[in-house]
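Trainee: Numbering (the numbering used here), first residue to last: 105 to 219. Quick one: the structure is below, and I'll ask about it shortly.
Given below as structure tokens:
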């Protein structure tokens, strides 16, 4: 991941991440001041971006390979992650790659006001 990527993500997402651990889980905060909130069970549309990404990872990487070792799985997932973030432009962000968009955003007034 690029340097400071956790800071970029937490600022972009307004310090809010959602998960699906069930109704019994309560919001909590991480050491990075990111508030975690759980989605309602059976409501994946409340977390549509993550659900979409997870489906893409599963369909394009995990279902395409047999991983004989944990090292092989990590290597293949990292290869897929790099291709997804550094070589595949996304229409939703102006046909840029996520890596290019993150660099541009990191240098903008949105992330660093008064720069």
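Built from N, CA and C at the ideal position, the CB exists for glycine as well. If you're wondering where the values come from, they're calculated on a predicted model, not measured in any experiment.
At a cut of 8 Å, does the region 179 to 196 reach the region 154 to 166 through at least three beta carbon pairs?
Mentor: yes
Trainee: Quick check on this structure: which residue in 165, 192, 193 and 196 has the alpha carbon closest to the alpha carbon of residue 182?
Mentor: Reading the chain shown from its first residue, position 78 is the one you call residue 182. Out of 165, 192, 193 and 196, 165 has the C-alpha closest to the C-alpha of residue 182.
Trainee: Under a three-way DSSP split, which group does residue 207 fall into?
Mentor: Looking up residue 207 in the chain shown gives position 103. Residue 207: helix per DSSP, three-state reduction.
Trainee: Can you grab the Cα-Cα spacing for the pair residue 143 / residue 149, in whole Å?
Mentor: To locate residue 143, count along the chain shown from 1; it is residue 39. To locate residue 149, count along the chain shown from 1; it is residue 45. For residue 143 and residue 149, the gap between their C-alpha atoms comes out near 9 Å.
Trainee: Less than 9 Å separating the beta-carbons of residue 179 and residue 192?
Mentor: Against the chain shown, residue 179 aligns to sequence position 75. Against the chain shown, residue 192 aligns to sequence position 88. Result no, Cβ atoms of residue 179 and residue 192 do not sit closer than 9 Å.
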